[in-house]
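Below you'll find the structure, written out as structure tokens, and then a few comments.
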Amino acid sequence: MEQKKNWTDAFTSLDRRYIFVLVALAVIIPLLAGLKGSVNISPSVRSVYDYINDLKPGDSVMIVLDYDPASEAELYPMTLALYRHCLDRQLHILSFTMWPNGAALTERAFDKMKLEYKPKGIDIVSGVDYVNFGYQVGGALVIIAAGQDLRNAMPTDYRGNSTGSMPILDGINSLRDINYVIDLAAGSTIDWWVAYGVQRYHFVLGAGCTAVSATQYYPYLNTGQINGLIGGLKGAAEYEQLAGHPERGLAGMTAQSSVHALIALMVIVANAFYFMSGKKR
Amino acid sequence: MQLLRKHLPIAVAFVMGVVMFFQFYVPTRFSSNFLQGVTQWDRIIAGFALLLGIYSLLNHHYHKLRRLVPGWGFSVVVYVGFFAMMLSGFIWGINNPPPETVRDMTGVILGQKQTQVPFMWIYDYVFVPMQATMFSILAFYIASAAYRAFRARTKEATVLLITAIIVMLGRVPIGALLIPFKPFHGDVELLPWFTEWILNNPSMAAQRGIMIGIGLGIIATSLRIIFGIERTYMGGGD
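As they're listed, the protein sequences go chains B and X. For the first sequence, position 192 matches number 191 in numbering that gives the first Met the number 0, and the numbering has no gaps at all. For the second sequence, position 181 matches number 180 in numbering that gives the first Met the number 0, and the numbering has no gaps at all.
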């Protein structure tokens, strides 16, 4: 009996380094194997995709990158999937960030798009096909300012060019004139967009966020304050699958699957040993 | 001194609070222009807050360096990182040049090449991996903590544990493979379906309650600030 207690105790208080090794292997092996599976498409991701897909060439989509490199693994694939879809549909992309460290990520994403689309004979030109307004200081005030007068709120782009005469902004005076706005957020900016943007200026808003914060935004989805929600890497993978560009999101799904399964298994095993050790009593 | 430190900020907060409250309900051109002006003012002030933050960061680490407190080496890293990024941005700019077309000897296009300015190179190959690494370490700690602490000790903990396992598996493709049964003759497997149900019903109900609570709290705090009852924003904990 004592011997049984010893080995169950040993398992319940397993050295954390063994767990770290297991998690590392669960991530590395599927990524090295290069497996890309398919994912179930959730209704909230499909609504974002469908809305963009139904826009006409030349319509404008504002994609706001409210995150920094800490959330890059989840939100950057989402950003690229949205950019690719918009470029495939010949939509104009307007981007900015309210996170200081996100400005360079936005520029990097556009640089990547230029590299990807140039061999296809498509030149993506700043001020014509897209505009990166860079970092905008002021938090929620940026949304109010852009809702009042977009050019006045963002007089120059990331490279310091005046936005006043940019062809991409022809016919766009404020957020009301933009066909679709999507906030990709690692923090609480989706709340700001709903409260200070949608409720005040009445445009259609979609959202993307990290998996851990997705549950926070279901009430907005239910009330129609956001028309769709892309949650975490899984959401990015769903969007990549819908848009026909399988990239980092889908590649990461196998790694995420194995880690989730591993953690679930570890919790079940740890509880089994916990009950066997008799501590419950 | 009392006037500047106490009465004036309270008066400004009261006047602006009341004016901005009524502005929301007055749909005139003057009201709209006023909002635009105030927003610009606020954004300029927020910009200065960034400068204050930079000063505060450098000052904090300067004192650590001057006293050579344990861990002062990290303060050196802060200074090196700060000035390396700032100077590389000032000297070589922060914008990459447009991609160049790479051709072979016969002029056939081989592909595209992106040259990077030092600022973007440091950002891409130092800053991004470091921040991503810091965040990804969480996965290891969460796994370890789940193994050690997630126990079905009570009924409530058991419900939480079962829900967590269902959502964890239902949010990834393996959940659909584990139980391929599709409930209610639908096209979604059991675990993803149940996960969506949890997120759309009990979880959303709880979130809604929290949001309403936060909203009421914001209104109460705003009124306290406008009427000068809440003064902690002026410092001093009064």
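Backbone N, C-alpha and C define an ideal beta-carbon position, used for all residues, glycine too. These numbers come from a predicted model, not from an experiment.
With distances taken between CA atoms, S173 (chain B) lies nearest to X:Q35 out of X:Q35, X:I44, X:W71. Neighbours of A72 (chain B) across chain X, judged by C-beta separation under 8 angstroms: A131, F134, S135. In the three-state reduction of the DSSP assignment, S143 (chain X) falls in the helix class. Beyond the five residues adjoining it in sequence on each side, E195 (chain X) comes within less than 8 angstroms, by CB distance, of G169, V187 in the same chain, given in chain order. For S161 (chain B), the three-state secondary structure derived from DSSP is strand. In the structure shown, K35 (chain B) falls within a coil segment according to DSSP collapsed to helix, strand and coil. Secondary structure at T153 (chain X): coil, using DSSP grouped into helix, strand and coil.
Y146 (chain X) reaches chain B at T11, L13, R15, I18, I262, M265, V266, V268, A269, counting residues in chain order whose Cβ is nearer than 9 angstroms. Across the stretch 206 to 221 of chain B, CB contacts with chain X closer than 8 angstroms involve A210, A213, T214, Q215, Y217, P218, N221, in sequence order along the chain. Among the CB atoms of chain X, one or more fall inside 8 angstroms of the CB of A103 (chain B).
Between the C-alpha atoms of V258 (chain B) and G120 (chain B) there is a straight-line separation of about 40 angstroms. DSSP places T194 (chain X) in the uninterrupted alpha helix (DSSP H) bounded by 189 to 199.
Chain X has a Cβ within less than 8 angstroms of the Cβ of S256 (chain B).
Look at V116 (chain X) here: in three-state DSSP terms it is coil, with no helix or strand label. Only exposed fits K55 (chain B), as fewer than 16 other CB atoms lie within 10 angstroms of its CB. Boundaries of the alpha helix (DSSP H) around I142 (chain B): 139 to 147. Residues of chain X with a Cβ closer than 8 angstroms to the Cβ of A235 (chain B) do not exist; the shortest Cβ-Cβ separation is about 13 angstroms. For Q111 (chain X), DSSP records a beta bridge to X:T100. The beta carbon of L261 (chain B) sits closer than 7 angstroms to those of L21, V22, A25, all from its chain and outside the five residues before and after it, given in chain order.
Residues of chain B whose Cβ lies closer than 8 angstroms to the Cβ of L49 (chain X) are, in chain order, P99, V136. Here the C-alpha atom of V158 (chain X) lies approximately 18 angstroms from the C-alpha atom of T214 (chain B). For D65 (chain B), the enclosing beta strand (DSSP E) covers residues 59 to 65. Taking 8 angstroms as the threshold, the shortest C-beta distance from M167 (chain X) to chain B falls below it.
Selection B:K111, B:S59, B:V211, B:S43 evaluated against P76 (chain B) yields B:K111 as nearest (Cα-Cα).
In this structure G174 (chain X) is buried. Its beta-carbon is surrounded by 16 or more other beta-carbon atoms within 10 angstroms. Interface with chain X (8 angstroms Cβ-Cβ cutoff): M252 (chain B) is included. When the beta-carbon positions are compared, L64 (chain B) and L183 (chain B) come within less than 8 angstroms of each other. If you draw a 10 Å sphere on the C-beta of K113 (chain B), you find 16 or more other C-beta atoms in it, and that means buried. In the DSSP assignment, F132 (chain B) falls within the beta strand (DSSP E) that extends over 129 to 134. Residue environment analysis places N131 (chain B) among the buried positions, since at least 16 neighbouring C-beta atoms fall within 10 angstroms of its C-beta. Residues of chain B with a Cβ closer than 9 angstroms to the Cβ of Y122 (chain X) are, in chain order, P68, N100, A103, L104, R107.
When DSSP states are grouped into helix, strand and coil, D8 (chain B) belongs to the helix group. A direct Cα-to-Cα measurement between S143 (chain X) and W6 (chain B) gives close to 19 angstroms.
Ranking X:G46, X:Y146, X:T27, X:V17 by CA distance to the CA of R16 (chain B) puts X:Y146 first. One finds nothing in chain X with a Cβ atom closer than 9 angstroms to the Cβ of S161 (chain B); even the nearest lies about 16 angstroms away. Apart from the 5 residues on each side of it in sequence, G70 (chain X) has no Cβ closer than 6 angstroms to any other Cβ in its chain.
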